[in-house]
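What follows is a single structure, written as structure tokens, with notes after it.
Number of protein chains: 2
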Amino acid sequence: MPRTLLERPDAVRALAGVFRRRGFEGSSLSVIQQEAGIGRGSLYHFFPDGKTDMARAVLDQVKDWFEDEVFAPLRSAADAAEAVSAMTKAVANYFISRENVCLFAAMTLGEEKATFAGEVKTYFADWVDALAALLQSGGLTPGDARENALDAVAVIQGGLILTRAYGNETTFLGVMERVEGRLLAQLS
Amino acid sequence: MPRTLLERPDAVRALAGVFRRRGFEGSSLSVIQQEAGIGRGSLYHFFPDGKTDMARAVLDQVKDWFEDEVFAPLRSAADAAEAVSAMTKAVANYFISRENVCLFAAMTLGEEKATFAGEVKTYFADWVDALAALLQSGGLTPGDARENALDAVAVIQGGLILTRAYGNETTFLGVMERVEGRLLAQLS
DNA sequence: CACATTCTGTACCGTTTAGTACACATTGTA
DNA sequence: TACAATGTGTACTAAACGGTACAGAATGTG
Numbered sequence: 004m005p006r007t008l009l010e011r012p013d014a015v016r017a018l019a020g021v022f023r024r025r026g027f028e029g030s031s032l033s034v035i036q037q038e039a040g041i042g043r044g045s046l047y048h049f050f051p052d053g054k055t056d057m058a059r060a061v062l063d064q065v066k067d068w069f070e071d072e073v074f075a076p077l078r079s080a081a082d083a084a085e086a087v088s089a090m091t092k093a094v095a096n097y098f099i100s101r102e103n104v105c106l107f108a109a110m111t112l113g114e115e116k117a118t119f120a121g122e123v124k125t126y127f128a129d130w131v132d133a134l135a136a137l138l139q140s141g142g143l144t145p146g147d148a149r150e151n152a153l154d155a156v157a158v159i160q161g162g163l164i165l166t167r168a169y170g171n172e173t174t175f176l177g178v179m180e181r182v183e184g185r186l187l188a189q190l191s
Numbered sequence: 004m005p006r007t008l009l010e011r012p013d014a015v016r017a018l019a020g021v022f023r024r025r026g027f028e029g030s031s032l033s034v035i036q037q038e039a040g041i042g043r044g045s046l047y048h049f050f051p052d053g054k055t056d057m058a059r060a061v062l063d064q065v066k067d068w069f070e071d072e073v074f075a076p077l078r079s080a081a082d083a084a085e086a087v088s089a090m091t092k093a094v095a096n097y098f099i100s101r102e103n104v105c106l107f108a109a110m111t112l113g114e115e116k117a118t119f120a121g122e123v124k125t126y127f128a129d130w131v132d133a134l135a136a137l138l139q140s141g142g143l144t145p146g147d148a149r150e151n152a153l154d155a156v157a158v159i160q161g162g163l164i165l166t167r168a169y170g171n172e173t174t175f176l177g178v179m180e181r182v183e184g185r186l187l188a189q190l191s
């Protein structure tokens, strides 16, 4: 079975960049061709169902990354405090190297909202649940753990909005530092 | 000078609803006509520069509402704790009655980002600054006031994302209750 | 009832959209 | 080198896009 230069995961990575910069509806096929450097033929070869297919593939890849690098470590952590620090560090690095855009958050707006509602809900629920479980393992009551986890994810997402609005990155970094501090304080 | 049935502010209100539901790029002229119940002729009569003009008018109206109902009260408050409670209540009611969408946050994504960057930055900066000033007047150091204000606005914005993702409203209400509690705790 | 002004519906324009068709290039294997 | 599978550029379509033009309806004033 012949292999050529462009593999599907590479295409997905390139698409993710375009969607982050332009949004889903703002990424026309011509824009995608140009910015991702992938011709229309290849695009419809890898993603036969068109733009929706492309977006789904991108969301899947993001979800997989978070599952491996964030959610799973939270669930299987031995030391709660260490796990909190690891999570904030991983998440901060991730979004800073990806234009401070969370594609799942972007999918809660506009027409694409209905299309990806299931995936979006699962992503955020997995994140909140994994963090809540960790906090509970660190001594918090189930209720407190859940509330703190939800507020942590919320402040991270809001931090992304504010850092884009301000046009800097220090805003987001500050939010991440403080959310780490608050979570660690809860654990002690 | 003759007056007819539809006034510009009414049109702006209708447009805001469409933009909240469909996003800026997702709101085509035909969709706007249909959902806002305003014909193309009227649209271009009130907003000669087209869609950009419409979006600007909507953002202006939102900004004015927050200026009057949120920012100004924060700045001129006598009692810091009361002002915090008033703000959280006003903000919660506002977003719940507006489909849990902050149009300024939506404008930090996609192609329209560049177009409205100035207005968006001003909106969030005004909010954070007004809240920080209040917290400072309530006894916090300038640094603490600023950090707490920024995190409060961030968690509110993130709460909107999560409540849309979960498809409920209780998530956002919970976030609002807790952010009020945390701010009040700082003041005491 | 005129009248000027403010609105509004409709037809239209050139451009762009997502998606399709398909010949052809590229590749690993035999 | 022949071959089948995989990947890709190009031309094309119908529909939708934002925006324009403009006749005429609606309105308060004299």
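Quick note, the sequences are listed as chains A and B, same order. Following my numbering, the numbering of the first sequence begins with 4 at its first residue and continues without gaps. Following my numbering, the numbering of the second sequence begins with 4 at its first residue and continues without gaps. In this text, a Cβ means the ideal position worked out from N, Cα and C, and glycines have one as well. What you are looking at is a predicted structure, and each value in this text was computed from that prediction instead of being measured.
Limits of the alpha helix (DSSP H) - the one that residue i falls within
i        : result
A:Phe22  : Arg11 to Arg25
B:Met179 : Thr173 to Leu190
A:Val34  : Leu32 to Ala39
A:Val150 : Sequence check: residue 150 of chain A is Glu here, not Val. Residues Pro145 to Tyr169.
A:Ala135 : Ala120 to Ser140
B:Ala75  : Ala75 to Arg78
Secondary structure of residue i, DSSP reduced to three states
i        : result
B:Arg101 : coil
B:Pro51  : coil
B:Thr111 : coil
B:Gly44  : helix
B:Glu28  : coil
B:Asp82  : coil
Presumed contact (8 Å Cβ cut-off) between residue i and residue j, rounded CB distance
i        : j        : result
A:Ala128 : A:Phe74  : That pair is no contact at about 10 Å.
B:Leu153 : A:Leu165 : 7 Å
B:Leu190 : B:Ala155 : Not a contact, Cβ separation roughly 12 Å.
A:Ala168 : B:Thr118 : Not a contact, Cβ separation roughly 14 Å.
B:Val61  : B:Glu183 : The Cβ separation is near 28 Å, so there is no contact.
A:Val65  : A:Ala19  : 7 Å
B:Lys54  : A:Gly170 : In fact, because the Cβ distance is near 24 Å, the residues do not count as touching under 8 Å.
B:Ala26  : A:Glu102 : One point to set straight first is that residue 26 of chain B is Gly, not Ala, in the sequence displayed. 19 Å between Cβ atoms; not a contact.
A:Gly29  : B:Glu28  : 5 Å
A:Arg43  : A:Leu32  : 6 Å
A:Ala157 : B:Val178 : 6 Å
Member of the options whose CA lies at the smallest distance from the CA of residue i
i        : options                                 : result
B:Glu172 : B:Asp67, B:Glu183 and B:Ile159          : B:Ile159
A:Leu106 : A:Gly142, A:Arg59 and A:Arg11           : A:Arg59
A:Ala83  : A:Thr125, A:Leu137 and A:Asp56          : A:Leu137
A:Glu180 : A:Gly121, A:Met90 and A:Asp63           : A:Met90
B:Leu2   : B:Asn151, B:Phe69, B:Thr144 and B:Ile99 : The question about residue 2 of chain B has no answer here: the residues shown for chain B are numbered 4 through 191.
A:Ala14  : A:Ala81, A:Ser140, A:Phe50 and A:Glu85  : A:Phe50
A:Ser79  : A:Gly141, A:Ala157 and A:Glu10          : A:Gly141
B:Glu72  : B:His48, B:Tyr97 and B:Asp56            : B:Tyr97
A:Asp56  : A:Asn151, A:Arg11 and A:Pro145          : A:Arg11
A:Leu77  : A:Trp130, A:Tyr47, A:Ser45 and A:Ala188 : A:Trp130
B:Ala81  : B:His48, B:Gln139 and B:Val94           : B:Gln139
B:Ser151 : B:Ala109, B:Ala188, B:His48 and B:Asp52 : Per the sequence shown, residue 151 of chain B should be read as Asn rather than Ser. Residue B:Ala188 is the option with its Cα nearest to B:Asn151.
A:Glu38  : A:Gly44, A:Arg24, A:Asp147 and A:His48  : A:Arg24
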